[in-house]
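*Asks:*
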Amino acid sequence: MLKLSVQLDNDCFLFAAGGITFDDLKELPDEPKRIDIAGTDRYIIEDFILQEEPRPFVVEPWESISIEQKILFEDELQKELGTEFNKHPFFDLFERYRDNHVLVDFEMMALCQDQRNDDVLFRISKKNFDQEFAVVHLTWRGYKESDGYPKVQFYSDFDYFKYTRMYPDKVDWEY
67 MLKLSVQLDN DCFLFAAGGI TFDDLKELPD EPKRIDIAGT DRYIIEDFIL QEEPRPFVVE
127 PWESISIEQK ILFEDELQKE LGTEFNKHPF FDLFERYRDN HVLVDFEMMA LCQDQRNDDV
187 LFRISKKNFD QEFAVVHLTW RGYKESDGYP KVQFYSDFDY FKYTRMYPDK VDWEY
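In this note's numbering, the protein residues as written are 67 to 241.
1) Going along the chain, which residues of its own chain have a beta-carbon closer than 8 Å to the beta-carbon of residue 163, five neighbours each way excluded?
2) Measure the CB-CB distance between residue 243 and residue 192 and report whether it falls below 8 Å.
3) Leaving aside the five residues before and after residue 223 along the sequence, list all residues of the same chain whose C-beta is less than 6 Å from its C-beta, in chain order.
4) Would DSSP call residue 137 helix, strand or coil?
5) Regarding residue 220 and the ligand FMN, is the C-beta to nearest heavy atom distance less than 7 Å?
6) Which residue wins for smallest C-alpha separation from residue 101, given the options 71, 231, 200?
7) Helix, strand or coil: how does DSSP classify residue 211 here?
8) Going by DSSP, what residue range makes up the alpha helix (DSSP H) through residue 226?
9) Could you compute how far the alpha carbon of residue 172 sits from the alpha carbon of residue 78?
10) Compare the Cα-Cα distances from residue 190 to each of 73, 219, 127 and report the closest residue.
11) Alpha carbon to alpha carbon, what distance is there between residue 89 and residue 231?
12) For the beta strand (DSSP E) that contains residue 173, what are its first and last residues?
13) Less than 8 Å between C-beta atoms, sequence neighbours within five positions excluded: which residues of the same chain meet that for residue 144?
14) Can you tell me the Cα-Cα spacing of residue 210 and residue 140, whole angstroms?
15) Is the Cβ-Cβ distance between residue 178 and residue 128 less than 8 Å?
16) Under the assumption that residue 131 contacts residue 103 (Cβ atoms under 8 Å), give the Cβ distance between them as a whole number of angstroms.
17) At which residues does the alpha helix (DSSP H) containing residue 168 begin and terminate?
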């Protein structure tokens, strides 16, 4: 499976809900390569791309993450969900025997982290599920969790996350 990540200058990762395409013709080797990102979130365009002065993606205590951290957080979440080995159809046979976490079968992309703890904001997607973001508290045990772990809190959109979690966290952080 090919996983591509695109990060803007303000450190925000794009979630390409519609996919990514490449145009690269052997017949025109000197022409620039073209990459199209389809289905970019509305909030990215409105909050970051169309602004004269680009705004930061997050405020303290939330912080941007590097591509290495993004991969690390996504891999750890898959371990804690018990889905890191379920990448081959053979393992689908065992699906019915697992105690599934609510996040199993979601597409997930790490976006940022709370520097005070192990909370990570993920952009999530699943058919017939209307929440777009989830803050997940990773345990860092490196194996499948149980008893409701990893803990998760859903947010309908990025604005809801900003106003009900990130900005109140900033106020707590400053005092």
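Built from N, CA and C at the ideal position, the CB exists for glycine as well.
A quick note: this is a predicted structure, and the numbers were derived from the prediction, not measured.
*Replies:* On the basis of the coordinates in this document:
1) Position 97 of the sequence shown, counted from the first residue, corresponds to residue 163. With a pLDDT of only 48 at residue 163, under 50, the local geometry of the prediction cannot be trusted, and no value is derived from it.
2) With the chain running from 67 to 241 in the structure shown, residue 243 is simply not present.
3) To locate residue 223, count along the sequence shown from 1; it is residue 157. Excluding positions up to five away in sequence, the list reads 198.
4) If you number the sequence shown from 1, residue 137 lands on position 71. DSSP places residue 137 within a helical segment (H, G or I) once states are collapsed to three.
5) The ligand content of the structure shown is nil, which means the ligand FMN is not present either.
6) Here residue 101 corresponds to residue number 35 of the sequence shown, with the count starting at 1. When only C-alpha atoms are compared, the closest one is 71.
7) As a first step, residue 211 must be located in the sequence shown, where it is residue number 145. In this structure, DSSP gives residue 211 a state outside helix and strand, which the three-state scheme calls coil.
8) By 1-based counting over the sequence shown, the position of residue 226 is 160. If you look at residue 226, you'll find it in the alpha helix (DSSP H) that goes 224–227.
9) Indexing the sequence shown from 1 puts residue 172 at position 106. Indexing the sequence shown from 1 puts residue 78 at position 12. Their Cα atoms are separated by approximately 20 Å.
10) If you number the sequence shown from 1, residue 190 lands on position 124. Put simply, of 73, 219, 127 the residue whose alpha carbon is nearest the alpha carbon of residue 190 is 219.
11) Locating residue 231 in the sequence shown gives position 165, where the first residue counts as 1. Locating residue 89 in the sequence shown gives position 23, where the first residue counts as 1. Straight-line spacing of the CA atoms in residue 231 and residue 89 works out to 40 Å.
12) To locate residue 173, count along the sequence shown from 1; it is residue 107. From DSSP, the beta strand (DSSP E) with residue 173 extends over 173–180.
13) Residue numbering aside, residue 144 sits at position 78 when the sequence shown is read from its first letter. Result list for residue 144: 150, in chain order.
14) Against the sequence shown, residue 210 aligns to sequence position 144. Against the sequence shown, residue 140 aligns to sequence position 74. In this model, residue 210 and residue 140 are separated by some 14 Å (Cα to Cα).
15) Here the question's residue 178 lines up with position 112 in the sequence shown. Here the question's residue 128 lines up with position 62 in the sequence shown. Cβ distance < 8 Å, so residue 178 and residue 128 count as in contact.
16) Sequence index remark: in the sequence shown, residue 131 carries index 65 (1-based). Sequence index remark: in the sequence shown, residue 103 carries index 37 (1-based). Actually they do not touch by this definition, with Cβ atoms about 19 Å apart.
17) Counting from one through the sequence shown, the residue named residue 168 turns up at place 102. From DSSP, residue 168 is part of no alpha helix (DSSP H); its letter is neither H nor E.
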